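S.K.: So for the sequence shown, this note's numbering puts the first residue at 15; every next one is plus one. Backbone N, C-alpha and C fix where the C-beta goes; we use that ideal spot for every residue, glycine too. Note that the structure is predicted; figures quoted are calculated from it, not measured. Have a look at the structure that comes next, please.
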Amino acid sequence: MDRNARPGVVRSVVGGLWRAIDRFRQISLNLLFIAVLVFLVAGWLAARPTPLPTNAALLIAPNGQLVEQRTVRSAMSVLQGGDGIRQILLRDVVDAIRAAATDPRITALVIEADGLAGTGLPKLQEIGTAVAEFRKSGKKVYTHGKNFNQVQYHLAAQGDEVFVSPDGYVFLSGFGRFPTYFKGLFDQVGVKMQIFRVGTYKSFVEPYTRSDMSPEDRESTRDYLDAAWKAYQADILAARPKTAPHLARYVGDTSALLAESGGDAARMALTAGLVDGLKTADEWRDYLKTTLGAGDEGKGYRHVDMGTYIARVREERSPPDDKVGVVVAQGAIVDGDHPPGVVGGDTVAGLIRQAREDNSVKAVVLRVDSPGGSATASEMIRRELELTRKAGKPVIVSMGSVAASGGYWISMSADEVWAGRSTITGSIGIFAMLPDLSGPMNKLGLTVDGVGTTPLSGGLDPRRPLDPQVASVLQQGIEFGYKRFIELVGKSRKMDLAAVDQVAQGRVWLGSQAKEKGLVDKLGGLDEAIKAAASRANLKDYEVSYVEKPLSPRDQLLSKLLDNGEDTEGARARVSLVDSTLAKIRSELEGLALWNDPGHMYLHCLCEAP
Numbered sequence: 015m016d017r018n019a020r021p022g023v024v025r026s027v028v029g030g031l032w033r034a035i036d037r038f039r040q041i042s043l044n045l046l047f048i049a050v051l052v053f054l055v056a057g058w059l060a061a062r063p064t065p066l067p068t069n070a071a072l073l074i075a076p077n078g079q080l081v082e083q084r085t086v087r088s089a090m091s092v093l094q095g096g097d098g099i100r101q102i103l104l105r106d107v108v109d110a111i112r113a114a115a116t117d118p119r120i121t122a123l124v125i126e127a128d129g130l131a132g133t134g135l136p137k138l139q140e141i142g143t144a145v146a147e148f149r150k151s152g153k154k155v156y157t158h159g160k161n162f163n164q165v166q167y168h169l170a171a172q173g174d175e176v177f178v179s180p181d182g183y184v185f186l187s188g189f190g191r192f193p194t195y196f197k198g199l200f201d202q203v204g205v206k207m208q209i210f211r212v213g214t215y216k217s218f219v220e221p222y223t224r225s226d227m228s229p230e231d232r233e234s235t236r237d238y239l240d241a242a243w244k245a246y247q248a249d250i251l252a253a254r255p256k257t258a259p260h261l262a263r264y265v266g267d268t269s270a271l272l273a274e275s276g277g278d279a280a281r282m283a284l285t286a287g288l289v290d291g292l293k294t295a296d297e298w299r300d301y302l303k304t305t306l307g308a309g310d311e312g313k314g315y316r317h318v319d320m321g322t323y324i325a326r327v328r329e330e331r332s333p334p335d336d337k338v339g340v341v342v343a344q345g346a347i348v349d350g351d352h353p354p355g356v357v358g359g360d361t362v363a364g365l366i367r368q369a370r371e372d373n374s375v376k377a378v379v380l381r382v383d384s385p386g387g388s389a390t391a392s393e394m395i396r397r398e399l400e401l402t403r404k405a406g407k408p409v410i411v412s413m414g415s416v417a418a419s420g421g422y423w424i425s426m427s428a429d430e431v432w433a434g435r436s437t438i439t440g441s442i443g444i445f446a447m448l449p450d451l452s453g454p455m456n457k458l459g460l461t462v463d464g465v466g467t468t469p470l471s472g473g474l475d476p477r478r479p480l481d482p483q484v485a486s487v488l489q490q491g492i493e494f495g496y497k498r499f500i501e502l503v504g505k506s507r508k509m510d511l512a513a514v515d516q517v518a519q520g521r522v523w524l525g526s527q528a529k530e531k532g533l534v535d536k537l538g539g540l541d542e543a544i545k546a547a548a549s550r551a552n553l554k555d556y557e558v559s560y561v562e563k564p565l566s567p568r569d570q571l572l573s574k575l576l577d578n579g580e581d582t583e584g585a586r587a588r589v590s591l592v593d594s595t596l597a598k599i600r601s602e603l604e605g606l607a608l609w610n611d612p613g614h615m616y617l618h619c620l621c622e623a624p
């Protein structure tokens, strides 16, 4: 073969191959576009409210985690198939149960709780309150699960009749908090964490500076966890008085009690009165069919799922002109503009301002579910609430699972502060934390040298050891920030500074404890806070309107693809123990990347709702 012809053949082959690849790419993209379009149209059609059946039960079958606001996931989550945990709006569950209590079309409530993922006790208590109101209407509540962990059982226990599978269990483990401590790792690689803080109990920095829990953190944590565990048991006893003679031993001597039942965990729960009977999935369906009536064409029992029901109920309402605006602050507080999932200072401040400038909004409720974060962003949000009050609109804060540190700071400009009985709040303290990476850089043979015009030039560069003058500036700023924090609390709570300092120092409290110490005004959930806002605005007939930032087309698509909604009938999402543990460690480290306060000062508690 002629050598001169060979390059032409190669070019021809490569060119043909490239054209084939490009053609395949175009076809693939077109097919993907068509698939997404079909998916969205099908989702839109499925989401359209359908007529409700009469004499039907309402099915609550949450499959995922209860949240105040759905988080926008990343595009990478789509490629990875999501994180296995769906999100259910707490307000959808509570609104559906409350509406069903007075709806003549609904005859009973059916709860299938074994798809519920981890969620805070305050959210469970808000649902429990709604279920208790439903039961007062004279309608029955039936619950079932293959198994019940502690979270799932709190929901299931609200039923008049509670069933578990014969090979199932009810596992009550109590509450615990076991942070991962990174000091040993940092020591090995030569990383030093420069810490500045005020507050004896301000424990957020400890996982990066210690190898174990400090005595102060241990004391504070045990105090609020013990109180939360007592509250949990009280909830169970209130819903199921028959467990009173057995509950203490069930949670305190589980091994011996299980041995007495021959290792049969379901029988142990039945004997202790935690459940009323043992039924397999098919026996449960047959029982509902006999008790509540057969569904269409004799298939299953007569019911409507929560998603369909709440969409239909909301469509049927004729909203009045006056509104109570609800702004949600869920997640860590960070500087700037951010999507749901974190509390962007600019974002939430803008939403409060939007509610203030909307003439139809007569009162504002800030729903806080945040452990805090940036001091700068927290102050931006608090200031907008203050301006809203000055504009003549009532402002009520409703604390969800956690409203501590920065979450407490942003609550201080309200007319009233409401907390759940088991809300985590307080943690009045402040800190700064800067890494010193000069050690690991030296091990790699990397050095830093240069000049600056002042002693502060490059003072916050993590590649260099922290200059003593910069350290002094930071510590003075932290001390001033703490003073301002307790002054703000003292002014808003009408307490002298000594009294505030006594309950501050970074210590965490449950809502019931915070009420006793004057840190919150009243105990109750979001519904009670909304009613309080309406009362202050002299509203008789009003609409509850959530003031939220519209999702971009990209984020709407991601939310659809990741299916953050409720799974009304089907499979339960499961995450392995190893995966969840690794995810927790990764989350604890990745959380450091959120700290973007311009002044490097933070109001954050290392805490989560029990």
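Going along the chain, which unbroken runs of the alpha helix (DSSP H) with 4 or more residues stay wholly within the segment 326-385?
M.R.: For the segment 326-385, whole alpha helix (DSSP H) runs of length 4 or above, ordered along the chain, are 359-371.
S.K.: Does the separation of the CB atoms of G440 and V378 fall below 8 angstroms?
M.R.: For G440 and V378, no; Cβs fall outside 8 angstroms.
S.K.: How many Å lie between Q202 and D128 at the Cα?
M.R.: Each residue's alpha carbon lies about 43 angstroms from the other.
S.K.: Which residue from L470, A70, E230, L292 puts its Cα closest to that of H158?
M.R.: Nearest C-alpha to H158: L292.
S.K.: What number of angstroms, rounded off, separates the C-alpha of A75 from the C-alpha of Q166?
M.R.: Cα to Cα, the separation comes out at about 11 angstroms.
S.K.: Using a Cβ-Cβ cutoff of less than 7 angstroms, which residues in the same chain neighbour Y195 once the five nearest sequence positions on both sides are dropped?
M.R.: The residues are P221, R224, S225, D226.
S.K.: Can you name the start and end residues of the alpha helix (DSSP H) that G420 belongs to?
M.R.: Note, G420: alpha helix (DSSP H), 420-423.
S.K.: Got a sec? Which residues, its chain only, sit under 6 angstroms from Y496 by beta carbon, not counting five neighbours each side?
M.R.: Here the set comprises V212, I444.
S.K.: Alpha carbon to alpha carbon, what distance is there between E126 and L169?
M.R.: Each residue's alpha carbon lies about 9 angstroms from the other.
S.K.: Flag this pair as touching only if the segment 130-150 and the segment 104-112 have three or more C-beta atom pairs under 8 angstroms; answer yes or no.
M.R.: The segment 130-150 is in contact with the segment 104-112.
S.K.: Rounded to whole angstroms, what is the Cα-Cα separation between G520 and R498?
M.R.: Each residue's alpha carbon lies about 14 angstroms from the other.
S.K.: Looking only at its own chain, which residues have a Cβ that is under 6 angstroms from the Cβ of S392, when we skip the five neighbours before and after it?
M.R.: Around S392: I347, G420, W423, I424, L617.
S.K.: Just the Cα atoms here: how many angstroms apart are A587 and G364?
M.R.: Any reading at A587 must be qualified, since the residue scores a pLDDT of 41, below 50, and its modelled position is unreliable; the value itself is stated next. The straight-line gap from Cα to Cα measures roughly 35 angstroms.
S.K.: Write down the C-beta distance between A405 and S384 rounded to the nearest angstrom, noting that I regard them as a contact closer than 8 angstroms.
M.R.: In fact, because the Cβ distance is near 24 angstroms, the residues do not count as touching under 8 angstroms.
S.K.: Going by the CB atoms, is the gap between D181 and A295 shorter than 8 angstroms?
M.R.: Result no, Cβ atoms of A295 and D181 do not sit closer than 8 angstroms.
S.K.: In angstroms with no decimal places, state the Cα-to-Cα distance between K508 and G152.
M.R.: K508 and G152: Cα-Cα distance of roughly 44 angstroms.
S.K.: Short of 6 angstroms in beta carbon distance, which residues of its chain neighbour K160, apart from the five on each side in sequence? Order them along the chain.
M.R.: Once the five neighbours on either side are set aside, the close Cβ partners of K160 are D128, S179, G182.
S.K.: Could you tell me the distance, in whole angstroms, from the CA atom of L480 to the CA atom of D36?
M.R.: Using only the alpha carbons, I get a separation of about 54 angstroms.
S.K.: Applying the criterion that 16 or more other CB atoms from any shown protein chain within 10 Å of the CB defines a buried residue, is R33 buried or exposed?
M.R.: Classification for R33: exposed.
S.K.: With a threshold of 8 angstroms, are at least 3 pairs of Cβ atoms found where one atom belongs to the segment 397-413 and the other to the segment 537-553?
M.R.: Touching, per the Cβ criterion.
S.K.: Can you tell me whether Q644 is helix, strand or coil according to DSSP?
M.R.: With the chain represented from 15 up to 624, any question about residue 644 goes unanswered, as that position is not in the structure.
S.K.: Would you call the segment 230-250 in contact with the segment 528-544, where contact means no fewer than 3 C-beta pairs closer than 8 angstroms?
M.R.: No: fewer than three Cβ pairs fall under 8 angstroms.
S.K.: Just mark V462 as buried or exposed, buried being the case when its beta carbon has 16 or more other beta carbons within 10 Å.
M.R.: Classification of V462: exposed, given that the 10 Å Cβ count is below 16.
S.K.: When the Cα of W432 is compared with those of S412, P449, D450, which residue comes out closest?
M.R.: For the residues S412, P449, D450, the minimum Cα distance to W432 belongs to S412.
S.K.: Roughly how many angstroms separate the alpha carbons of V356 and Q344, rounded to a whole number?
M.R.: So the alpha carbons of these two residues sit roughly 6 angstroms apart.
S.K.: Quick one, which of I324, D278, M455, F210 has its alpha-carbon nearest A113's?
M.R.: Of the candidates I324, D278, M455, F210, the one whose C-alpha sits nearest the C-alpha of A113 is I324.
S.K.: Nearest to T361 by alpha carbon, out of D351, R370, A369, R254?
M.R.: The residue with the shortest Cα to Cα distance from T361 is D351.
S.K.: Does the beta-carbon distance from G539 to G434 come in below 8 angstroms?
M.R.: Yes, they are a contact pair.
S.K.: Can you tell me whether DSSP reads T214 as helix, strand or coil?
M.R.: Three-state DSSP puts T214 in coil, outside helix and strand.
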